[in-house]
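Remarks on the structure that follows.
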Amino acid sequence: MLEKLEKVDILAFGAHPDDVEIGAGGFLAKEAALGYKVGIVDLTRGEMGTRGTPEVRAVEADSAAQILGASWRINLGLPDGLLIADHESVMKAARVIRTVKPSIIITPYWDDRHPDHVSASRLVTEAHFKSGLKKLEPEIDSFRPKTILYYFLNRMDDYSFIVDVSDYYSKKQEAVQAHFSQFGNNGLKPLAVLGVKVPLQFIESRDRLWGAQIGKAYGEAFLVRNPVPIDDPMKIWGA
Ligand SMILES: [Zn+2]
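Numbering-wise, the sequence shown is residues 11 to 249 according to the numbering used here.
What follows is the structure, given as structure tokens:
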């Protein structure tokens, strides 16, 4: 399966099939529109979710990936609700990284109320490191992406920078709502997602706040562990 995957510039990991849309859908839609190749890896099928079968969620995930302009989306089929960063799970992610050689990886921020988001963060951080170890599974060439950007799901915490996603915000909203089993009302009581009963309002309010902090309509915040190199501060803050 891996050999068929096209090389990408940005590789987005989520624990569940709607995570990357919630945390970084605007960023991914923007980069894809700018001509960068985007791949999405869902670690689990979300089979422990209150609503939506794995089959339904797979169809929703494919449709969301198309809306964002991603080149492809795969699911590693790791156990939802029991996600852990054991060696085999880490290597599953590392093999994808080595095969598609992204410059940037994105993954959930390490502090979150959902244990799967915490595990996904750790698992992908370890996969990023191990994919660069030459002597580990040498049958696939080692490769380490330049950086990991951590995106936010439940928590709003200190961030390193905010990306202006205003022009791509409708795409993000469309992609989030493509996960109809999670966000549609289905004539049922609203489902608590991200621990809140009004998840769409939560996501939009948060992204508006981040946008306002950089003087734009909508923003998405990211955290990086390494310093961010800036070539010319005048390009950002100059007149
Ligand atoms: Zn999730």
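By construction, the Cβ of each residue, glycine as well, lies at the ideal position given by its N, Cα and C atoms.
For ligand 1, is there a heavy atom less than 7 angstroms away from the beta-carbon of residue i?
i      : result
His127 : yes
Ala25  : yes
His279 : Here the chain covers residues 11 to 249 and nothing more, so residue 279 does not appear.
Leu163 : yes
Asp121 : no
His2   : For the chain, the structure presents residues 11 to 249; residue 2 sits outside this window and is missing.
Asp29  : yes
His124 : yes
Mapping the DSSP letters down to three states, classify residue i as helix, strand or coil.
i      : result
Leu53  : strand
Gly229 : strand
Ala22  : strand
Trp82  : strand
Leu88  : strand
Thr117 : strand
Val238 : coil
Touch test, the stretch 40–51 against the stretch 71–84, Cβ-Cβ under 8 angstroms, three pairs minimum: yes
Cβ pair count under 8 angstroms reaching 3, the stretch 229–245 against the stretch 163–173: yes
Unbroken stretches of the alpha helix (DSSP H), 4 residues or longer, contained in the stretch 139–207: 179–187, 190–193
Inter-stretch contact at 8 angstroms, needing at least 3 Cβ pairs: the stretch 20–27 / the stretch 106–116: yes
Meets three-Cβ-pair contact criterion under 8 angstroms: the stretch 130–137 and the stretch 94–109: yes
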